[in-house]
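What follows is a short report on a single structure.
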Amino acid sequence: MAAFAMFLPKRHFPRFLGGNRRVLAFYSSVFSVVSTGFLVMHPKANAFALMMLAFPAIGFLCKELNRVKCARVYRLGLRCVAVCFLAIFSWIIDRMFCETWLSIDFPYMHGVWHILIFIASYTALVLFAYFNVSEERPEQKPELRYWPRNDFELGIPYITIKHPCKKDNLAI
20 MAAFAMFLPK RHFPRFLGGN RRVLAFYSSV FSVVSTGFLV MHPKANAFAL
70 MMLAFPAIGF LCKELNRVKC ARVYRLGLRC VAVCFLAIFS WIIDRMFCET
120 WLSIDFPYMH GVWHILIFIA SYTALVLFAY FNVSEERPEQ KPELRYWPRN
170 DFELGIPYIT IKHPCKKDNL AI
């Protein structure tokens, strides 16, 4: 919920918020506390409720990918959606066939879920940070980069921004 409050593009805000991100953060916090209180009583329902947050996130990501002009960002978005669906698939397989996995001494499907959802979540945060800066502060010119080598798109993605008042130092 915190990521929705931080990075949801203002054009998707409900009208009653008036474009105010602090009000969205307040309502998101209240919703999170109340729903957590209810879901503590039913831990299995909590897992499904948390999983349901992935679907609006994927929907917003797809809407933003349709607007983006940078092919590099678009490719990262496609990989993010694919990893997210792969994570959801591994979670479902783990839930449905847990006894089967344990009977063949392979208790690792839940770990696969955690690794894949971490990669998808981190990538989604990077993408939404890019979308946020592109929309709300376009003068800062966000750029998607990869660590350790920028020309290798399977590295760790991050965003760089330029300060609007400083001139770029060109190496001569």
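Mind the numbering: the sequence shown is residues 20 to 191 in our numbering, read in order.
Backbone N, C-alpha and C define an ideal beta-carbon position, used for all residues, glycine too.
These figures come from a predicted structure and were not determined experimentally.
Residue environment, residue 166, which counts as buried when at least 16 other CB atoms sit within 10 Å: The residue is exposed, with fewer than 16 neighbouring Cβ atoms inside 10 Å.
Paired residues, beta bridge with residue 166 - DSSP: Beta-bridge pairing by DSSP links residue 166 to 175.
Residue 147 and residue 79 - do their beta-carbons sit closer together than 9 Å? Yes, the Cβ-Cβ distance between residue 79 and residue 147 is below 9 Å.
Any idea what DSSP makes of residue 87, helix, strand or coil? Coil at residue 87, not helix or strand.
Taking the continuous alpha helix (DSSP H) assigned at residue 121, which residues delimit it? Here the alpha helix (DSSP H) through residue 121 covers 117-122.
Classify residue 178: buried if its beta carbon has 16 or more other beta carbons within 10 angstroms, exposed otherwise. The C-beta of residue 178 has 16 or more other C-beta atoms within 10 Å across all chains shown, which makes the residue buried.
Just verifying my parser: in three-state terms, what is the DSSP assignment at residue 75? Reduced to three states, the DSSP call for residue 75 is helix.
Please state whether DSSP places residue 147 in a helix, a strand or coil. Helix at residue 147.
Going by beta-carbon coordinates alone, are residue 154 and residue 94 separated by less than 9 Å? Result no, Cβ atoms of residue 154 and residue 94 do not sit closer than 9 Å.
Should residue 119 be labelled buried (16 or more other beta-carbon atoms within 10 Å of its own) or exposed? By the 10 Å Cβ count, residue 119 comes out exposed.
Looking only at C-alpha atoms, which of 132, 42, 105 and 139 sits nearest to residue 66? The residue with the shortest Cα to Cα distance from residue 66 is 132.
Decide if residue 55 is buried, meaning its Cβ has at least 16 other Cβ atoms within 10 Å, or exposed. Exposed.
Backbone secondary structure at residue 27 - three-state DSSP: Note: residue 27 maps to coil in three-state DSSP.
Please state whether DSSP places residue 104 in a helix, a strand or coil. Of the three classes helix, strand and coil, the one that applies to residue 104 here is helix, per DSSP.
Check each candidate in 25, 117, 53 and 123 and name the one with the smallest Cα separation from residue 43. Measuring from the Cα of residue 43, the nearest candidate turns out to be 25.
Counted within 10 angstroms of its Cβ, other Cβ atoms place residue 158 as buried (16 or more) or exposed: The residue in question, residue 158, is exposed, as its Cβ has fewer than 16 Cβ neighbours within 10 Å.
If you follow the alpha helix (DSSP H) that residue 56 is part of, which residue opens it and which one closes it? For residue 56, the uninterrupted alpha helix (DSSP H) run begins and ends at 40-59, by DSSP.
Could you have a look at residue 127 and say whether DSSP puts it in helix, strand or coil? Reduced to three states, the DSSP call for residue 127 is coil.
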